[in-house]
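Notes follow the structure.
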Amino acid sequence: MVLLQRRAAALFLFAFIFLMPVSYAHSREKTDIKTLVIVSHPYPERSVLTKGLQEAAESLEGVTVRNLETLYGYDTHRINGDAERKMMREHRRVVFIFPTHWFNITPMMKAWLNETWGSVGPGLWQGKEMFIVSTAAGGSSTYGPDGRIGVSLADVFLPMKASALHAGMTWLPPLVFESASSDRLPSYQLNL
Numbered sequence: 006m007v008l009l010q011r012r013a014a015a016l017f018l019f020a021f022i023f024l025m026p027v028s029y030a031h032s033r034e035k036t037d038i039k040t041l042v043i044v045s046h047p048y049p050e051r052s053v054l055t056k057g058l059q060e061a062a063e064s065l066e067g068v069t070v071r072n073l074e075t076l077y078g079y080d081t082h083r084i085n086g087d088a089e090r091k092m093m094r095e096h097r098r099v100v101f102i103f104p105t106h107w108f109n110i111t112p113m114m115k116a117w118l119n120e121t122w123g124s125v126g127p128g129l130w131q132g133k134e135m136f137i138v139s140t141a142a143g144g145s146s147t148y149g150p151d152g153r154i155g156v157s158l159a160d161v162f163l164p165m166k167a168s169a170l171h172a173g174m175t176w177l178p179p180l181v182f183e184s185a186s187s188d189r190l191p192s193y194q195l196n197l
């Protein structure tokens, strides 16, 4: 039952967010935007939400999924920057899916950005869109103005926004889930 709920919620999430145009509020038509999904989880054997979102993405037309740990293990030196830049050029929207890892993206995702975007000049990804989907075990006691760190979970990703804007991309507001747990996944779709 949990697996079925996870897949249904993840499919709904991807269909609603990733396949709709940026102006989805004005249009309910399917978009032809090719989407590149970069997935990373530092402990894949513990992954529930990330794995569920990846499975849903893999079943959708026009979506290419690249799981960094599956492709490269944990060896940051194996990341093929040329191949990854080619993938970036072939897609108009890039979606990063990962658990928040010490108030940041995962180590492999950071290495991927270094190898793929390391020599990116201003405007190289002009016209492309960046979207972040992240989960975090911490909730309001950690994030937000009254939390321990004093900033929202979405604000933790300000460096990603700066990277997107530097590269000429459109920054789409992150979709973040605090106090994330597999039994709450069906309720996440109500937050859309």
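For reference, each letter of the sequence shown is one residue, going 6 to 197 in the numbering used here. Just so it is clear, CB atoms sit at the ideal spot from N, CA and C, and this is done for glycine as well. Source: prediction; values computed, not measured.
query: Straight-line Cα distance separating Ser145 from Asn119; result: 31 angstroms
query: Beta-carbon contacts of Glu34 that lie in its chain and below 6 angstroms, excluding the five residues immediately before and after; result: Any reading at Glu34 needs caution, since the residue's pLDDT is 45, under 50, leaving its predicted position unreliable; the model's value is listed next. Here the set comprises nothing.
query: Of the residues Lys133, Tyr148, Arg90 and Val156, the one placed nearest Trp117, counting alpha carbons only; result: Arg90
query: 4-residue-minimum alpha helix (DSSP H) runs that sit fully inside the region 154–186, ordered along the chain; result: 163–171
query: Cβ neighbour criterion (16 or more within 10 Å) applied to Ser124; result: exposed
query: Contact set for His171: own chain, Cβ-Cβ below 7 angstroms, skip 5 residues either direction; result: Pro127
query: C-alpha gap between Met113 and Glu66, whole angstroms; result: 26 angstroms
query: Phe136 and Arg98 closer than 8 angstroms at C-beta; result: yes
query: Supposed close pair Ile102, Arg71 - CB separation, criterion 8 angstroms; result: Not a contact, Cβ separation roughly 10 angstroms.
query: Every unbroken alpha helix (DSSP H) within the region 35–83, with a cutoff of 4 residues, ordered by chain; result: 54–63 and 73–77
query: Separation of Gly86 from Asn109, as counted between CA atoms; result: 21 angstroms
query: Where Trp130 falls, given that 16 or more other Cβ within 10 Å makes a residue buried; result: buried
query: Integer-rounded CB distance, given that Thr111 should sit under 8 angstroms from Ser45; result: 4 angstroms
query: 8 angstroms contact criterion, which Glu183 and Gly143 should meet: CB distance rounded; result: 6 angstroms
query: Where Arg97 falls: helix, strand or coil (DSSP); result: coil
query: Of the listed residues Pro150, Ala62, Pro47 and Tyr79, nearest to Lys39 (C-alpha basis); result: Ala62
query: Pro104 - DSSP class collapsed to helix/strand/coil; result: strand
query: Residue from Ala88, Ser52 and Tyr148 whose Cα sits closest to the Cα of Trp122; result: Ala88
query: Spatial distance of Lys133 from Ala159 (CA atoms); result: 20 angstroms
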